[in-house]
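So that you can map any letter, position 210 of the sequence shown is 191 in the numbering used here, and since no number is skipped, the others follow by simple counting. The beta carbon of each residue, even a glycine, is placed where N, CA and C say it ideally should be. Beneath this line is the structure, given in structure tokens, with notes to follow.
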Amino acid sequence: MRRLVCIAAAALLVGSAAARAQEADMPAAYDSLVLSLSWSTTRCSTRPGRADHEQCGDKKYAFVVHGLWPQYPRGVKHRRKCLTATEVPAKVADRMMPMMPSHKLIEHEWEMHGACVEKDPATYYAKAKTAYDRIKIPTAFRSAEQPRTMTADQIRKAFVEANPGLPEDAVAVTCHMSRPRHGQNAADAAPPTSAPLNDIRFCLDKSLKFQDCPSTVRDRCPDTVLLPAAAK
């Protein structure tokens, strides 16, 4: 009898360990999404951007899709990278290229975020395209031929005016902030008065309807936002 009890207990332990291992392989449950539209010329001025000849070569892009990111409730641990062995099929990537003009970025976003949202790249990128198609880019932001300076609030209001039904609280504007120089304490560095636009983030529920952004998604820009022109 004791032997049977021990065998049963061992089976329960094995089953529990297997369940924990299976649970560890599953992504954390997200509760909302963020669509990021990045200002291409800012990304193209960075080291990763300069190495991406598709997005940052001869063509001069303004706003492009950077990613569709899952957002998690406070206190929920989630991976920095989704577990997937699936590559993005060429047909799926090609459909995204007009709005996300980089095969390298498309593959990266699937591995970092997409595989935590959907089981296959086609479904994830169909969802990203649907979210993007809901947003009308204001005329003033459809070209990167001329540099401009604005405030984060002016940029947000331009999108709100161009998109009836888009709440101001569903939009966050972030900038590419320079890091302190080597050996300089961040607390001693003077806060910047201007910075180039990084991206605009649109907060969505799971059905891709606009909703107020969570506290983790907020403006991150100084007083003056620079919209650099594409290199000639």
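Own chain residues within Cβ distance below 8 Å of residue i, not counting five before or after
i	result
glutamate 126	Lys41, Ala210 and Ala211
Under 8 Å between C-beta atoms of residue i and residue j
i	j	result
methionine 77	tyrosine 106	yes
aspartate 193	proline 145	no
proline 203	alanine 176	yes
aspartate 12	tyrosine 53	yes
alanine 133	phenylalanine 191	no
leucine 189	threonine 111	yes
Whole-number beta carbon distance between residue j and residue i, since they are thought to touch under 8 Å
i	j	result
threonine 205	asparagine 179	14 Å between Cβ atoms; not a contact.
leucine 18	isoleucine 181	5 Å
methionine 93	lysine 62	6 Å
valine 69	glutamate 88	5 Å
leucine 14	lysine 187	7 Å
serine 83	glutamate 142	Incorrect: roughly 29 Å between the Cβ atoms, too far for contact.
alanine 43	phenylalanine 122	6 Å
valine 198	tyrosine 113	Wrong, their Cβ atoms sit about 17 Å apart, outside the cutoff.
Simplified DSSP assignment, three categories, for residue i
i	result
leucine 185	strand
aspartate 180	strand
glycine 48	strand
arginine 31	helix
threonine 65	coil
methionine 77	helix
threonine 220	The displayed coordinates of the chain run from -18 to 213. Any statement about residue 220 would go beyond what the structure contains.
leucine 147	coil
threonine 174	coil
Cβ-based neighbour list, residue i, same chain, cut-off 6 Å, excluding 5 preceding and 5 following
i	result
alanine 129	The question names alanine, but residue 129 is arginine in the sequence shown. Leu208.
methionine 131	Val206
aspartate 33	Ser83 and Lys85
Sequence-distant residues of the same chain with beta carbon closer than 7 Å to residue i, five excluded per side
i	result
glutamine 3	The pLDDT assigned to glutamine 3 is 35, lower than 50, so where the model puts this residue is not dependable; a value taken from the coordinates is nonetheless given after this. Cβ within range, chain order: n/a, list empty.
Range covered by the beta strand (DSSP E) that runs through residue i
i	result
serine 13	13 to 20
threonine 155	152 to 156
threonine 205	205 to 208
The ligand HEM heavy atom lying under 7 Å from the CB of residue i
i	result
serine 13	Questions concerning the ligand HEM fall outside what the structure shown contains, since it holds no ligand whatsoever.
Extent of the continuous alpha helix (DSSP H) run through residue i
i	result
valine 141	133 to 143
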